[in-house]
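J.: Residue numbers (the numbering used here): 68 to 246.
And the structure:
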């Protein structure tokens, strides 16, 4: 990944490493990320910078849903930031929420399901979960993704993701992913 300033992402990099992702800085401004087959649970508590960013809470919850073990996620920056949980659970995740705290029991796999994104970060988390899920996921609520990620499907396709944007008769767009 480049360009990137690793010092600005130290909390995120640290949590990725704690679940088993290997991150190498080969040259300044660039990171090489190697996935792991054995992802392990970790705990997350959002904090203002330089702590763990609240904007990464939902995408990390998607990751934690397929990590071995039990993870704790505590949102300390904003209220009502866990609206993505019901959709992740629809895909087979095992997440329980009480207030600003969630317990994520890792599952061996996620399954495709029709999902609806309700905001930018939740939508990003659901796309990541859909890419990891077995089967074909249909995603509605692309206007949230488009607001924050220009041509996300094109960028993900360049990384090898199998997904496509489809216009449907109701003038809404859906994103389909398949594994």
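All residues carry an ideal CB built from backbone N, CA and C; glycine is no exception.
Taking the beta carbon of residue 82 as the centre, do at least 16 other beta carbons fall within 10 Å, making it buried, or is it exposed?
T.: Its Cβ being crowded by 16 or more others within 10 Å, residue 82 is buried.
J.: Look at the alpha carbon of residue 182 and the alpha carbon of residue 137, and state the distance between them as a whole number of angstroms.
T.: Answer to the nearest angstrom: the Cα atoms are 24 Å apart.
J.: Who pairs with residue 172 in a beta bridge, going by DSSP?
T.: 137 and 161.
J.: Can you tell me where the alpha helix (DSSP H) with residue 126 in it begins and where it stops?
T.: Note, residue 126: alpha helix (DSSP H), 124-131.
J.: Tell me, which residues are paired with residue 182 by DSSP?
T.: 206, per the DSSP bridge assignment.
J.: Can the beta-carbon of residue 120 be found less than 8 Å from the beta-carbon of residue 86?
T.: For residue 120 and residue 86, no; Cβs fall outside 8 Å.
J.: Taking 8 Å as the CB-CB cut-off, is residue 69 touching chain B?
T.: Within the model displayed, chain B is absent; a lone protein chain is all it includes.
J.: CB residue 152 to CB residue 164, shorter than 8 Å?
T.: Result yes, Cβ atoms of residue 152 and residue 164 sit closer than 8 Å.
J.: What number of angstroms, rounded off, separates the C-alpha of residue 117 from the C-alpha of residue 89?
T.: So the two alpha carbons sit approximately 21 Å from each other.
J.: Would you identify the three-state DSSP class for residue 111, choosing helix, strand or coil?
T.: In this structure, residue 111 counts as strand in the three-state DSSP scheme.
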